[in-house]
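Undergrad: Pasting in a structure now, in structure tokens, and then I'll have a few things to ask.
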Amino acid sequence: MAAQTNPPYPASLPADSHSMEAADRILQEIAVVGRHLEAMDSKISDLTVASTSIRADIAGFQETVTDLDQHLMTVEDQVSALPDHKAELRSLRAKVIDLEDRSCRDNIRLFAILERKEGSDIKSFL
Numbered sequence: 001m002a003a004q005t006n007p008p009y010p011a012s013l014p015a016d017s018h019s020m021e022a023a024d025r026i027l028q029e030i031a032v033v034g035r036h037l038e039a040m041d042s043k044i045s046d047l048t049v050a051s052t053s054i055r056a057d058i059a060g061f062q063e064t065v066t067d068l069d070q071h072l073m074t075v076e077d078q079v080s081a082l083p084d085h086k087a088e089l090r091s092l093r094a095k096v097i098d099l100e101d102r103s104c105r106d107n108i109r110l111f112a113i114l115e116r117k118e119g120s121d122i123k124s125f126l
């Protein structure tokens, strides 16, 4: 004879077949709900991991945006100074041209004199 197992419900309940079937169905539904809760818990854990990863990515993006913003401000400052630099460059070019012209004014050009004829003293040669 097989060992009799105790049903998962209290023995004090009436043991008619209809109430036993209902209790079995309720227990089966509770087991299904338990499996669904475990599945949901697993999915929530996955979402938590994904959320943590997304937060880390966002923090990295914020740092990148901060660096880019700082670089942009530096570039804007340099660009705003360009007109002043252009004006200074034009002024310096004009001064260089003027100095080159002035340095050429005192030069004397001698034509038809052969090389090395002056010897070591050009003043006495002229």
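Oh and the sequence shown: position 47 is 47 in the working numbering, straight run, nothing missing.
Glycine included, C-beta positions come from ideal geometry on N, C-alpha and C.
Just so you know, these numbers come straight off a predicted model, no measurement behind them.
1. Do K117 and F125 have their CB atoms nearer than 9 Å?
2. Grouping DSSP H, G and I as helix and E and B as strand, with all else coil, what is K86?
3. Got a sec, what are the start and stop residues for the alpha helix (DSSP H) F125 sits in?
4. Can you give the Cα-Cα distance for L72 and D98, rounded to whole angstroms?
5. Would you kindly work out how many angstroms separate the C-alpha atoms of L47 and E29, rounded to a whole number?
TA: The relevant details are as follows:
1. For the purposes of this step, residue 117 is taken as residue 117 along the sequence shown, with counting starting at 1. For the purposes of this step, residue 125 is taken as residue 125 along the sequence shown, with counting starting at 1. It is a contact, given that the beta carbons lie within the stated cut-off.
2. Position 86 of the sequence shown holds residue 86. Residue state, collapsed to three classes: helix.
3. Here residue 125 is taken as the residue at index 125 of the sequence shown, counted from 1. Start and end: 122-125.
4. As a working note, residue 72 is residue 72 in the sequence shown. As a working note, residue 98 is residue 98 in the sequence shown. Their backbone Cα atoms lie some 39 Å apart in a straight line.
5. The residue labelled residue 47 in the question sits at position 47 within the sequence shown. The residue labelled residue 29 in the question sits at position 29 within the sequence shown. The straight-line gap from Cα to Cα measures roughly 26 Å.
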